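Participant:
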Amino acid sequence: MKPTILVTNDDGINSPGLHALTKALRSLGNVYIIAPDREKSAAGHSVTFHHPLRAEKLNERMIQVDGTPTDCVMYGILHFLKTKPSLVASGINKGPNLGDDITYSGTVSAAIEGILHGIPSFAISVAAYAKPQFDSAARFAKIIARMLLEKTLPSETLLNINVPSIPYETIKGIEITKQGKRIYRDSIIEKTDPRGRHYYWIGGEEPTYKEEPGTDFYAIAQNKISITPVHLDLTNYPAIATIKKWKIKLK
Ligand code: MN
141 MKPTILVTND DGINSPGLHA LTKALRSLGN VYIIAPDREK SAAGHSVTFH
191 HPLRAEKLNE RMIQVDGTPT DCVMYGILHF LKTKPSLVAS GINKGPNLGD
241 DITYSGTVSA AIEGILHGIP SFAISVAAYA KPQFDSAARF AKIIARMLLE
291 KTLPSETLLN INVPSIPYET IKGIEITKQG KRIYRDSIIE KTDPRGRHYY
341 WIGGEEPTYK EEPGTDFYAI AQNKISITPV HLDLTNYPAI ATIKKWKIKL
391 K
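Going left to right, the sequence shown walks through residues 141 to 391 as this note's numbering numbers them.
(1) Can you name the residues that DSSP bridges to G231?
(2) Are the CB atoms of P225 and Y172 within a distance shorter than 9 angstroms?
(3) Is K271 helix, strand or coil when you go by DSSP?
(4) Please name the residue, chosen from E330, L218, Y358 and A281, that lies closest to L256 on a Cα-to-Cα basis.
(5) Report the rounded CA-to-CA distance for F262 versus I145, giving the unit in angstroms.
(6) Compute the minimum distance between the beta carbon of E179 and the heavy atoms of the ligand MN, and state whether it is under 8 angstroms.
(7) In angstroms with no decimal places, state the Cα-to-Cα distance between I316 and T382.
(8) Any heavy atom of the ligand COA closer than 8 angstroms to the CB of T382?
(9) Under a CB-based cut-off of 9 angstroms, is Y377 close to chain C?
(10) Counting only runs that start and end within the segment 150-186, where is the alpha helix (DSSP H) found for 4 or more residues in a row?
(11) Rounded to the nearest angstrom, what separates K364 and K385 at their Cα positions?
(12) Is it buried or exposed, L158, if we count other Cβ atoms within 10 angstroms and call 16 or more buried?
(13) Just mark M287 as buried or exposed, buried being the case when its beta carbon has 16 or more other beta carbons within 10 Å.
(14) Indicate, with yes or no, if the ligand MN has a heavy atom lying under 8 angstroms from the CB of K142.
(15) At the level of alpha carbons, what is the spacing between E196 and C212?
Laid out in structure tokens, this is it:
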């Protein structure tokens, strides 16, 4: 029996990256697209709790949901597919998902939702906002998807993949990496609306990163594909001993 593959993203159902991914995975199984009806980048792992969700079936294999990437994965697994898919593939995101940024990422969060349901999952992004070359990432997505259908990932672990936005033949290799450190240069821009009220826009300069070998940032800077195994336990284990020494009391 052909495996069922759930494809989603955070750039919305009309994103060319989503369709490049779907096309790449089609020969590996029955591919279903369940994706947000509009862009939901930086939605993180949010779920819709305070208003109803609407889902519109565009065809037998494609549904748009007026929610977040996490909503889409939940809707797919708990309702539409009636069964657990063999794989959740999220992307191909337009723009990188590297370092600390992954906590904001709707693309990565969809894969997080997948592994919370015990399904092998990966997030894939092309590391450029301007003229992203989805072809290279799509080609690699097929290789990874095939591998995830055959091999067993360590428990509670997803693969966060970033692919340089260059022709496939010019990619320098593949690195298994750790999450790098982003250097934020965000700022809040204050403006005034026509009625004299202030409004705010989160902006700032393009972030940079700590240039450390072995990180996702570094691999991309070397024109290599970065694969970071990401797990969900956010505990800082060495910190447990440190905080215990504080002897925090009720009174
Ligand atoms: Mn996005």
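Every residue, glycine too, gets a C-beta built ideally from N, C-alpha and C. Every value quoted in this text rests on a predicted model; they were computed, and no experiment measured them.
Facilitator: Checking against the coordinates, here is how it stands:
(1) Residue pairing by DSSP puts G231 in a beta bridge opposite I264.
(2) Between Y172 and P225, the C-beta gap is smaller than 9 angstroms, which places the two residues in contact.
(3) Under the three-state reduction of DSSP output, K271 falls in the coil class, being neither helix nor strand.
(4) Among E330, L218, Y358 and A281, the Cα nearest to that of L256 belongs to L218.
(5) For F262 and I145, the distance between alpha carbons rounds to 11 angstroms.
(6) Relative to the ligand MN, E179 has its C-beta within less than 8 angstroms of a heavy atom.
(7) One Cα belongs to I316, the other to T382, and the distance between them is close to 30 angstroms.
(8) Among the ligands modelled here, namely the ligand MN, the ligand COA does not occur.
(9) You won't find chain C in this structure, because it holds only one protein chain.
(10) Runs of the alpha helix (DSSP H) inside the segment 150-186: 156-165.
(11) Roughly 43 angstroms separates the two Cα atoms.
(12) Around the beta carbon of L158, 16 or more other beta carbons sit within 10 angstroms, so the residue counts as buried.
(13) Exposed, since its Cβ has fewer than 16 Cβ neighbours within 10 Å.
(14) If you check the C-beta of K142 against the ligand MN, you find no heavy atom less than 8 angstroms away.
(15) Those two C-alpha atoms are separated by around 12 angstroms.
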